[in-house]
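Protein chains in written order, with our numbering: chain G, 12 to 212; chain R, 117 to 477; chain Y, 17 to 667.
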Amino acid sequence: MTDGRHTLDVAPLPTYAFGNRGLIWWGTVGFMVIEGSMFVIGIVVYFYLRLKVTDWPPSLPNPDLRYGTINLVVVLASILPAVISKRAAEKFDLPRARFWLIVLILFGLAAVVLRAFEYTTLNCRWDDNAYGSIVWVLLSMHTIHVATDVVDSIVLAVLTVTYPMTGPRFVDVSENSLYWFFIVAWWIPIYLTIYFMPRWL
Amino acid sequence: MREADDRDSGSWIPAAKTSSPAPTLTSVVPTRPVRVVITAAAFAATACSGNQAGLNPHGPIARSVATHGWALLAICTVVYVVVMVAFIIALGRRRQDADDSPETSARLTRNVSIATALTVITLIGIAASSVVAGRGMYSPSGAGAITVDVVGHQWWWDFQYHDITPSDVFTSPNELHIPVGVPVVIKAMSSDVIHSFWVPNLMGKRDLIPGMVTNTWIQADEPGVYRGQCAEFCGHQHAHMALNVVAEPMDKFQAWIRHQRQPALEPVTDQERHGRDVFMQSPCVTCHAIRGTDAGSHVGPELTHVASRLTLAAGTLPNARGHLAGWISNSQSIKPGNRMPPNSFAPTDFQALLAYVRSLR
Amino acid sequence: MTDAMALERRQMITSADQERLRRQLADTWYVPRGIIGWFSVADHKTIGRRYIITAFCFFVFAGVLAALMRLQLAVPNNHFLGPDLYNQIFTVHGTMMMFLFAVPVMEAMGVYLVPLMIGTRNIAFPRLNAFSYYVYLFGGVMLVVTMLMNTAPDVGWFSYVPLAGPDYSPGKRADFWAQLITFTEVSALAVSVELVATIFKTRAPGMSLNRMPLFVWAMLITAFMVIFAMPTIVTCSSFLLLDRLVGTHFYNPAEGGDALLWQHLFWFFGHPEVYIIFVPALGIVSSIIAAFTWRPIFGYPAMVMSLVATGFIGFGLWVHHMFATGLPALGLEYFTAASIVIAIPTGIQIFCWIASLWRGRPRFHTPLWFVLGFFAIFVLGGLSGVTLASVPFDLQVHDTYYVVAHFHYVLLGGSVFPLIGGIYFWFPKFTGRMMDDGLGKWNFWLLFIGFNITFFPMHILGLEGMPRRVYTYPDNMGWNTLNLVASAGAVLLVLGGALFVYNVVRSYRWGLAASENPWGAETLEWSVSSPPPTYNFLHVPVVEGRCALWDRSADPPIVTGIRSDCREVLVTDVMDAEPVHKAEYPAPSIWPFLCAVVTSAFFIGSIFTPWALPVAIVPLAVTLIGWFWPGKKKERRRDEDAMPVMREVRA
């Protein structure tokens, strides 16, 4: 054919996209849904077991609020560096994105340390009874997420220093903040369940 | 354990007690040859296909479900045939050019919609039949229900008949006697894992779940022996956890109750007395109770009236001397994995033991 | 979103251009060889093939176990298998079929076919795809080893507590079961996330959602079901492991736990599980009927809505497995209603297929025979399922051979028959050779007749009171004849299975060479060579209609501008597949395999000690970092795409 083939030329398109226009977002959100489902089940099991008995916590004092609440404040505050880091990444502002990512990591480390204190001041052991079992599991599921995301963020921070930052790498920084929002968001219902349900129900 | 509701109706013998004298042995328990015949008949009865079959009902629950079941099977057969015929026609028909036209598409759309509508109507019919069949399934409607507890064990059943007089409480392992025509409420519990109580000729199954009490009821409209079996996988010998429901006329039932309430019959012969001594000095007493003696352990089935039962080992063996001997000496070869170890005795001791156990009618 | 119109141009493409492109693509999308190379592959076709072959190996193993069961049950009071061995065998048969065969093989069909059907070069997150295969493989090998060492799980594929709990199942048997769940669910969840991302975001331009093949819709819905259902069983089996290993009390009634909690959690997963196995088969049936009637499937919107409805409603049925547990009657009625309602979307699909067959001209090759077998068997199974929805009826047949008959009719008829038909259908694409059609028909009839002889009598056995999960039965129950008949049928099934394997092996070596599109089918995988090149498409196509190949115009547009010197793919919009950006997929790598080894060692170690977790953390972190660390070489090639600000910032 003299005038060539009918084509769709995508050469001008960029090699990255932020948010749900890009591919990585879908993987991140996919895992968020999976992990979120597990949190939902944990909370459902907590209420299922609660409705089987009259005394709750069974023969145990209410959990001590101190470290859990401090941790709540810390993770809620950590939203700020996560937001700034995300916005900076979306504007390709490397120094700002990198700085606030490191701040986020510090908040995350603080959360992990506080979590250790939460465990030591819990009102129960996992093998005391079903209440103890579900409280430990709920807390531990969240702890594992916090810890792994802190490690993730540290690796990412190292990459921002040692690696040529291209479009897709900025997308990674943005997605990292998204996952951190997920972790913060889930602490709220888990915190309320562990620390306040025994007082309210 | 939590109770769903604590409705123990106290005395479970509806009729007033008569003042007739205590039954003698022969008036209550048929003589030996007759017993043999009954035992054999119980086993033979199960040979007719129909025993342990839900579609061979002998009680109101099973009857209602069986009717519904036949209706379901009829509906399903009709639907299957219709769908298959449509399918075969679709495959075999000669194609025409008009098949790809919009008119044909519209016609096909209409037909699919009609088929869907018919499906919905049929399903509503099935649901309605189910609701009707299920009415009354959950609690008995007849008056004068009696209550029996069943406790499931790996791998036997313990039926406990209560009474206002504590000393009249007794258990009947693996054999549930009920009066004909009277609803019997069953409160079901488990001492270990989940089992399921099921006597298909009379009722659908109800699980026995540790940590809770589940309720069901059973009623037979004709006298007979109805076999049931555990219907929830409960370990090694799930396959050999059967039971017999003996439905008899009220007077026979009451006579049975009165007899079961009695402690164990005293041994009559020297051999039987020696057998009792052998029993008391052997590992048997660690698991088996015999009311009226010092043997009081409830780990295993109570043996107070073992010789009056139709079967041994939860429906696994007919209750006959040879089978009893095999069971005592090596139950593991019959029901491998069950909790009873093999036992060996000196020959004379063993004969005496057998004679004693066989005397516990 | 870029307006696709702005990207349209006419370009001269000579055959020299094509040749150069072909060489570059083959070079870029290479599949590594050698030992290290074998473990580094990240190509969806290779991984998909491995998954399918591995799954069929498990199918054969579990099938042999079933044959042993039927030998034991052929006569009453049989001593061929004692109770302990029989209980291990029936547990492993069920577990292996459900977790190691049925779900993985369906996901594998999706892994292989979906990227081809939607016009892209690879599945999204290809290294995760490789990782999921190895995790699946190691889990399955673990279970096989337990079977060979007489320490296989023996409490049923559903592993009810308290029987499976620490008090009544000493040893590690139940732990192996619970951890196998973790292996297979991690694997399936990973694949599902990949499938969702691939289907939503990497479809060829022009393939809007309402132009997607029905098989792709089926895989999409299946992936969503996996994502929402499987976390439940991971949680519930983990609770069991914790109860057994560290003394938690989730299922211990004496300390506030609950035996029924297990059943709720298990069946909340367990019921969608069977739809996870069934829905992909519905997609296969649609593919085969379309190809062998040379017509699009009748009622595409209704078919899609039915698949979606099945996926949703499937989550609301689980208590129908618990009708005998004494739950409140009103609640049970709801589940009866839902269990009946789900028959409606399935019925709609059956009617649409009958309409498709009615107006098309069926060509009776082997794949279509298996679809016909699906109809005859599955419809019966679906009807017995509707009867089971009725509580009073269910209370008589629950836990009897009636249920065994029902689920084999729906699983074997509803999933395995379409699957085998699908293998006959896509074998030319996978291998470049045709399977023998004559042997295929023998294969079909052996399996069809053998299946019905084996499983139909079981309906009657259940109605006659034979419970399930029993290693033997007494002589005088009237069950002898039907059990013998069922066992005889099993012989035919074994022969049919053997013939299938023979046909596969023989055709692989000596089958007729296959062209691109031997069946004249309409989906995109049939537009490339058989087997496809490693890069799938020389040019990513632009799709012009619902039947991509039949609706092609005389001058079909193609996509240009995707780089061929690195593994670049086109990412498009969810609804209309308009091009959005280009993404670079990672090169093959050994790290996913290493990570899978560490993960598997961690899973197995944690059966024996909780210290496995702290020990595994560092190796896990190392392998994960190795996996995700961006490769240097290709990143440098991307410099020109780095934002202008990079050049100032690089410090």
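Where is the CB? At the ideal position from N, CA and C, for every residue including glycine.
| Item | Value |
| --- | --- |
| Tyrosine 206 of chain G, buried or exposed, once every other Cβ within 10 Å from all chains shown has been counted against 16 | buried |
| Alpha-carbon spacing of serine 447 of chain R relative to threonine 427 of chain R, whole angstroms | 14 angstroms |
| Under the three-state DSSP convention, the category leucine 586 of chain Y falls into | strand |
| N-terminal and C-terminal residue of the alpha helix (DSSP H) that tyrosine 418 of chain Y is part of | 417-424 |
| Among G:Ala196, G:Ser185, G:Ile201, nearest to alanine 28 of chain G - alpha-carbon criterion | G:Ser185 |
| N- and C-terminal bounds of the beta strand (DSSP E) containing serine 306 of chain R | 300-306 |
| Chain R within 8 angstroms of glycine 263 of chain Y, Cβ atoms only | no |
| N-terminal and C-terminal residue of the alpha helix (DSSP H) that asparagine 82 of chain G is part of | 77-88 |
| Touch test, the region 406-423 of chain R against the region 373-382 of chain R, Cβ-Cβ under 8 angstroms, three pairs minimum | yes |
| Where asparagine 468 of chain Y meets chain R, residues with beta-carbon distance less than 8 angstroms | None at all; the shortest Cβ gap to chain R is about 13 angstroms. |
| Residues that leucine 171 of chain R contacts on chain Y, provided the C-beta gap is smaller than 9 angstroms | Gln412, Leu479, Glu480 |
| Chain G within 8 angstroms of valine 301 of chain Y, Cβ atoms only | no |
| Helix, strand or coil at threonine 464 of chain R according to DSSP, with G and I counted as helix | helix |
| Residues that glycine 344 of chain R bridges to, as DSSP identifies them | R:Leu359 |
| Chain G contacts from the region 122-141 of chain Y (Cβ-Cβ distance under 8 angstroms) | Ala140, Phe141 |
| For alanine 599 of chain Y and valine 590 of chain Y, believed in contact at Cβ under 8 angstroms, the rounded distance | Actually they do not touch by this definition, with Cβ atoms about 15 angstroms apart. |
| Three-state secondary structure (DSSP) of lysine 321 of chain R | strand |
| Interface partners of glycine 172 of chain Y on chain R, CB under 9 angstroms | Phe349 |
| Ordered list of alpha helix (DSSP H) runs contained in the region 259-315 of chain Y, each at least 4 residues | 275-309 |
| Contact list for the region 32-46 of chain G against chain C, Cβ threshold 7 angstroms | Protein chains in the displayed structure are G, R and Y, and chain C is not among them. |
| Alpha-carbon spacing of tryptophan 645 of chain Y relative to isoleucine 620 of chain Y, whole angstroms | 27 angstroms |
| CA-to-CA distance, lysine 97 of chain G to threonine 177 of chain G, given in whole angstroms | 15 angstroms |
| Chain-ordered chain G contacts of phenylalanine 266 of chain Y [CB-CB under 9 angstroms] | Val56, Leu60, Ala141, Ser144, Ile145, Val148 |
| Residues within the region 417-449 of chain Y neighbouring chain G, beta-carbon criterion of under 7 angstroms | none |
| Residues within the region 305-325 of chain R neighbouring chain Y, beta-carbon criterion of under 7 angstroms | Asp308, Val309, Ile310, Ser312, Pro316, Gly320, Lys321, Arg322, Asp323, Ile325 |
| Interface flag, leucine 179 of chain Y vs chain R, CB-CB below 8 angstroms | yes |
| Boundaries of the alpha helix (DSSP H) in which serine 185 of chain Y is found, first to last residue | That residue, serine 185 of chain Y, is in no alpha helix (DSSP H); it is neither H nor E in DSSP. |
| 8 angstroms Cβ cutoff, arginine 375 of chain Y in contact with chain R | yes |
| Cβ shell of valine 496 of chain Y (< 6 angstroms), same chain only, five flanking positions each side left out | Valine is not the amino acid found at residue 496 of chain Y; the sequence shown has asparagine there. Only Pro92 meet the Cβ criterion. |
| Residues sharing a beta bridge with serine 458 of chain R, DSSP | Note on residue identity: the sequence assigns proline, not serine, to residue 458 of chain R. Answer is none; proline 458 of chain R lacks a bridge partner. |
| Sheet register partners of isoleucine 29 of chain Y (DSSP bridge) | Isoleucine 29 of chain Y pairs with nothing; no bridge assigned. |
| Same chain, Cβ closer than 7 angstroms to asparagine 94 of chain Y, five either side skipped, listed in chain order | Gln88, Thr488 |
| Whole-angstrom C-beta distance between glycine 344 of chain R and valine 301 of chain R, which should lie under 8 angstroms | With 8 angstroms as the limit, valine 301 of chain R and glycine 344 of chain R do not qualify as a contact, their Cβ atoms being about 16 angstroms apart. |
| Whole-angstrom distance between proline 176 of chain R and valine 144 of chain R, CA atom to CA atom | Unreliable positioning characterises valine 144 of chain R in this predicted model, as indicated by a pLDDT of 37, which lies under 50. The coordinate reading is nonetheless provided below. Valine 144 of chain R and proline 176 of chain R: Cα-Cα distance of roughly 29 angstroms. |
| Identified DSSP bridge partners for leucine 11 of chain G | For chain G, the structure presents residues 12 to 212; residue 11 of chain G sits outside this window and is missing. |
| Contact set for leucine 84 of chain Y: own chain, Cβ-Cβ below 7 angstroms, skip 5 residues either direction | Leu97, Ile105 |
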